[in-house]
Amino acid sequence: MTLTPLQLAAAFTERFGAEPSGIWSAPGRVNLIGEHTDYNDGFVLPFAINHSTMVAARPRADRSVRVCSTLTPDDVVLSDLDALTPGSVKGWAAYPLGVLWAMERAGYSTPGLDLLVDSSVPVGAGLSSSAAIECAVAVAANDLSESNLSLTELVAIGQLAENEMVGAPTGIMDQSASLLGEAGHAVFLDCRSRESRLVPLDLEGAGLELLVMDTRVSHSHATGGYAARRRSCELGAELMGVAALRDLSVGDLAEAAGVLDEETFRRVRHIVTENARVQDAVDVLSGKGPAALGKLMATSHASMRDDFEISCAELDTAVDTAVSAGAIGARMTGGGFGGAAIALVRSADSAAVTDAVARAFAEAGFTAPVIFPVLPASGAGRVA
Ligand code: ADP
Ligand code: MG
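So for the sequence shown, the numbering used here puts the first residue at -3; every next one is plus one.
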């Protein structure tokens, strides 16, 4: 659903019998370039999008939490915040409750809370609805508990919640984009130092649009391929004698080819070249502007398809068709094995690209994709 803040406040009051103390919001994100580089201590370039998750919240006098979402019919009631442990919460409530657990674990005390969540971030499409719900709850709990955690501390809280309570071994990219993003900018993030810098990404000013092409193929980070890719990267770093693949440069690849088995080498080559592409993309955006990103997007997609092997037929079809129909560049985004691809298009070509991709999916017998434009938007905060 997509409620307005006023509608969400009214729904909260109906559900809990009292008005919310406030409403907080956190966006989903698109990663412009830099895939699977985050857990290799590398670089990523995501931006916060104009689709977000809102949470209406009110502190309680006791230590219990009631949380419900317009996405699911059931309220989840927790009688005692102190009884929260990893593994104790199943399903979607692990995200909001995990954030409260992580805050307590980091030494901050949060009051019991009533929470109502509503989101316009498509779930499981690679746009990080998970970080959006975590960060919305994190900024709400931060304000209501007067903990004064910084945005980068909240990034760590969200990651801890997702790693420990949800059990997904993810990095800091999604929470960083959701918390640190700004309208008209991407977030250049060094996942080792955790330093970030805003980079101009004025799509509208350049007459461009970024289309998200959700393939509707569901992905699950907690299983299989994602964990296997992480293991390959760890093995590659170990065999090359570096702390993380971040420490290898393109010039080291010739040596790596002699040291690593064929598959591990290709995994490593993706990470090393992708890190270089992210830095090149930052230079391009600061210089020529977004219309010059096409080639980097193309080489990034080819690297994910051929070297890292995380694409799928639907993602390849979306990317190839978009480019044939006039897109400046296109690539899969997110963890892979499904989810979404993005296409950078001139606004005038947007409808033609959308139609061509929809037609190609129909011809291939795939489930119809969901295609929509996104803009770089501002990060999490209080909205009412
Ligand atoms: P992605 O982050 O790419 O959307 P994930 O699998 O990481 O996909 O996270 C999706 C999960 O996050 C959902 O299955 C659900 O458990 C939880 N979630 C996200 N948004 C909401 C919401 N508005 N209400 C309830 N649960 C949500
Ligand atoms: Mg996620």
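Every residue gets a Cβ at the ideal spot worked out from N, C-alpha and C, and that includes glycine. On a predicted model such as this, the values are computed, not experimentally measured, just so you know.
Counted within 10 angstroms of its Cβ, other Cβ atoms place Ala318 as buried (16 or more) or exposed: Result: buried.
Classification of Ala218 by the beta-carbon crowding that lies within 10 angstroms, buried from 16 upward: Annotation note: pLDDT 43 at Ala218 (below 50); position unreliable, no value reported.
Cβ-heavy atom distance, Ala127 to the ligand MG, below 7 Å: The ligand MG has a heavy atom closer than 7 Å to the beta-carbon of Ala127.
Cβ-Cβ distance between Ser21 and Gly120 below 8 Å: no
Of the residues Leu241, Glu258, Ala250 and Leu249, the one placed nearest Asp34, counting alpha carbons only: Leu241
7 Å Cβ shell around Val261 - same chain, five flanking residues per side excluded: The identity of residue 261 in the sequence shown is Phe, whereas the question assumes Val. Excluding residues within five positions, the ones whose Cβ falls inside 7 Å are Ala252 and Ala253.
Reduced DSSP secondary structure (H/G/I, E/B, other) of Ile306: Three-state DSSP puts Ile306 in coil, outside helix and strand.
Trp20 - partner residues in DSSP beta bridges: Val51 and Arg378
7 Å CB neighbourhood of Asp76 in its chain, flanking five on each side removed: Arg59 and Ser60
Selection from Trp97, Asn27, Leu28 and Asn46 that minimises the alpha carbon distance to Pro369: Asn46
Leu67 CB to nearest heavy atom of the ligand ADP below 7 Å: yes
Heavy atom of the ligand ADP within 7 Å of Ser115 beta-carbon: yes
Assigned secondary structure, Glu200 (DSSP; H/G/I helix, E/B strand, else coil): DSSP places Glu200 in coil when its eight states are reduced to three.
Residues that DSSP places opposite Val61 in a beta bridge: Under DSSP, Val61 shares a beta bridge with Leu74 and Leu109.
Nearest neighbour of Ser125, chosen from Trp88, Arg101 and Asp139 [CA to CA]: Trp88
Beta-bridge partners of His181, as assigned by DSSP: Pro196
Classification of Val353 by the beta-carbon crowding that lies within 10 angstroms, buried from 16 upward: buried
The region 192 to 212 / the region 70 to 86 touching (three or more Cβ pairs under 8 Å): By the Cβ test, the region 192 to 212 is not in contact with the region 70 to 86, since fewer than three Cβ pairs between them sit closer than 8 Å.
Ala347 to Ser48 span [Cα, whole Å]: 24 Å
Spatial distance of Gly331 from Ala233 (CA atoms): 20 Å
DSSP-derived helix/strand/coil call for Ser115: strand
Near the ligand MG: Asp170 beta-carbon under 7 Å from a heavy atom: yes
Beta-carbon spacing of Leu204, Leu340 below 8 Å: yes
Proximity test, Ala121 beta-carbon vs the ligand ADP heavy atom, cut-off 7 Å: Checking every heavy atom of the ligand ADP against the Cβ of Ala121, one is found closer than 7 Å.
Pairwise C-alpha distance: Gly221 and Asp302: Here the C-alpha atom of Asp302 lies approximately 15 Å from the C-alpha atom of Gly221.
DSSP state of Met209 mapped onto helix, strand, coil: strand
Rounded separation between Leu2 and Arg62 - CA only: 20 Å
Sub-8 Å separation of Pro372 and His181 beta-carbons: Taking 8 Å as the Cβ cut-off, Pro372 and His181 qualify as a contacting pair.
Member of Arg193, Asn271, Val40 and Tyr91 whose CA lies at the smallest distance from the CA of Ser245: For the options Arg193, Asn271, Val40 and Tyr91, the alpha carbon positioned closest to that of Ser245 is the one of Asn271.
Close Cβ partners of His107 (< 7 Å) along its chain, the five nearest in sequence each way excluded: This sequence places Pro at residue 107; His is not what is there. Once the five neighbours on either side are set aside, the close Cβ partners of Pro107 are Pro55, Arg56, Leu140 and Ser141.
Best match in Gly377, Asp37, Pro196 and Ala356 for proximity to Ser320 [C-alpha to C-alpha]: Ala356
Leu150, enclosing alpha helix (DSSP H) - first and last residue: Following the DSSP letters along the chain, one finds Leu150 inside the alpha helix (DSSP H) bounded by residues Leu147 to Leu156.
Bridge partner(s) assigned by DSSP for Gly26: Reading off the sequence, residue 26 comes out as Val, not Gly. Val26 pairs with Phe43.
Presumed contact (8 Å Cβ cut-off) between Ser192 and Leu185, rounded CB distance: For Ser192 against Leu185, the beta-carbon gap comes to about 5 Å, under 8 Å, which counts as contact.
Coil, strand or helix - Ala14 by DSSP: Per DSSP, reduced to three states, the secondary structure at Ala14 is coil, with no helix or strand assignment.
Ile338 beta carbon less than 8 Å from that of Leu206: yes
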